[in-house]
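Student:
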Amino acid sequence: MKLNSADAELLSQAVHALQHGDVIGLPTETVYGLAADAMNVVAVRKIFALKGRPVDHPLIVHIADSSQLSRWAIDIPEEAYVLAQHFWPGPLTMILRKQAMVPDEVTGGQDTVGVRCPAHPLALVLLQQFNGGVAAPSANRFGRISPTSAQHVRDEFGDAVPVVLDGGECEVGIESTIIDLSSKQPRLLRPGMISQDDIEAVIGPIGSNADRQSPRVSGSLAAHYAPRTPMQMLPRHELMLEYLRRKQEGMRCEVLCLDELPDGLNGLSLSNDHHAYAHGLYAAMRELDARHADLLLIEQIPQTSDWLAVNDRLGRALVGAGVEDLEST
Ligand code: TXA
Ligand code: MG
């Protein structure tokens, strides 16, 4: 990749920061990450402190390519290499049995490690130059909306994270698909833009764990990805009636619609293509949340398999919306 001089300068600052145990804002194709040297436990602890994340929630290790898998994992099944060949660099995280040297701070004390190779040119150059694994959760405070631009990361952490690599808007917009390959039967732990069908087309049938609650995947807690404004999801017609009814009660509502925003309603609209919707979802939720309305009305999205990952994120946002202290929920 050819870098302009400003990017090259910021990139060397970022590599330097990682080498010195600091935390940086990292662009990926899914969402921005809060990144540190995965082998430096002091640096990794800083991520948890900044996010306010419980220490038993494991982090994903980002690597430059699949040749580095064996630095982090053991007993790597053939499927892992086949999936890496098909989907890496890309929004797929694989859970594998960990190498003994992987710090407990990264894995939350488990004997497995999450690994992925992100499809973002700046992230890839950074990983190559750093020549190590970079632990990075999404760069938001625990339970809140994930960031999809460098500005979101700055809004969230300000001076506490001085180096944020600006890689523009994240293309995918929602977090990676997570597949657990650490036991005989592969299982899908978190849905994402790489669907179960996409994966099964490559390695055959897998099980799904995505809708079972498990502390192993923090994104699987019921309340997650949540705005501070209370939220409600309704089909379009009911949403319009609800908007008017609430308005008469003196409440200020904002809406998030599919396609076009109906006349007279305050809010935003997103495309009815699921890729474009996912790409814009978190930025729209952040913007609507910042308007400090009394209620966010979200238009019901399709319930088809294409929309599974977006439904998953919106469903969790609905549970956590309006809750001030998510850590106690
Ligand atoms: O797209 C993404 O995956 C983004 C970007 C920055 O790469 N990262 C991300 O990280 O979403 P985070 O920490 O917000 O979510 C990662 C999920 C967590 O829910 C965590 O519990 C799960 O991955 N995870 C990591 N290691 C795991 C392991 N060993 N076993 C089970 N789940 C694991
Ligand atoms: Mg997250």
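Residue numbers for the sequence shown follow my numbering, beginning at 484 and rising by one.
No residue lacks a Cβ here, since even glycine has one placed at the ideal position from N, Cα and C.
1) Alpha carbons only, please: which of G650, V544, P710 and Q568 is nearest the one belonging to V585?
2) Should S788 be counted as a contact of ligand 2 given a C-beta to heavy atom distance under 7 Å?
3) Using DSSP with H/G/I as helix, E/B as strand and the rest coil, what is A583?
4) Can you tell me the Cα-Cα spacing of A583 and G690, whole angstroms?
5) For ligand 2, is there a heavy atom less than 7 Å away from the beta-carbon of E639?
6) To the nearest angstrom, how far is it from the Cα of V617 to the Cα of E732?
7) Check for me: the alpha helix (DSSP H) holding I682 runs from which residue to which?
8) Answer yes or no: does any C-beta atom of chain B fall closer than 8 Å to that of R624?
9) Only counting the same chain, and skipping five residues up and downstream in sequence, which positions put a Cβ closer than 8 Å to that of E810?
10) Can at least three beta-carbon pairs, one atom from the segment 595-613 and one from the segment 564-584, be found at a separation below 8 Å?
11) Spatial neighbours of I686 within its chain, please: CB distance less than 8 Å, with the 5 preceding and 5 following residues excluded, ordered by chain position.
12) I'd like to confirm something about P674: is its beta-carbon nearer than 7 Å to some heavy atom of ligand 1, or not?
13) Any idea what DSSP makes of H569, helix, strand or coil?
14) If you compare alpha carbons, which of D777, H775, H758 and L493 is closest to N794?
15) Does the beta carbon of H545 fall short of 7 Å from some heavy atom of ligand 1?
16) Does the distance from the C-beta atom of A792 to that of P674 stay below 8 Å?
17) Which of helix, strand or coil does DSSP assign to T590?
18) Sorry if obvious, but does the Cβ on E658 come closer than 7 Å to a heavy atom of ligand 1?
19) Using the DSSP secondary-structure output, state which residues sit across from L829 in a beta bridge.
20) In the DSSP assignment, find the unbroken alpha helix (DSSP H) run with R799 in it and report its ends.
21) Under a three-way DSSP split, which group does S691 fall into?
22) Name the DSSP bridge partner or partners of T660?
23) How do the segment 651-660 and the segment 517-525 stand: do at least 3 beta-carbon pairs fall below 8 Å, yes or no?
24) Do you know offhand how far R719's Cα is from L739's?
Tutor: Answer, in terms of the structure:
1) V544
2) No, Cβ of S788 sits at least 7 Å from all heavy atoms of ligand 2.
3) In the structure shown, the three-state DSSP call for A583 is coil.
4) 27 Å
5) No - ligand 2 has no heavy atom lying nearer than 7 Å to the Cβ of E639.
6) 50 Å
7) Q679 to I686
8) Among the chains in the structure shown there is no chain B, since it carries only a single protein chain.
9) Only weak support is given to the placement of E810: the predicted model assigns it a pLDDT of 48, under 50, and the value that follows is read from those uncertain coordinates. G535, P537, F625 and G626.
10) yes
11) Sequence-distant partners of I686 (beyond 5 residues in either direction) whose C-beta falls short of 8 Å from its own C-beta, in its chain, are E562, V565, L566 and P669.
12) no
13) helix
14) Per the Cα distances, H758.
15) yes
16) yes
17) helix
18) Correct: E658 has its Cβ closer than 7 Å to ligand 1.
19) Limits of the chain in this structure are 484 at one end and 812 at the other, which puts residue 829 out of reach.
20) L791 to G803
21) Note: S691 maps to strand in three-state DSSP.
22) L575
23) no
24) Each residue's Cα considered, the two are about 10 Å apart.
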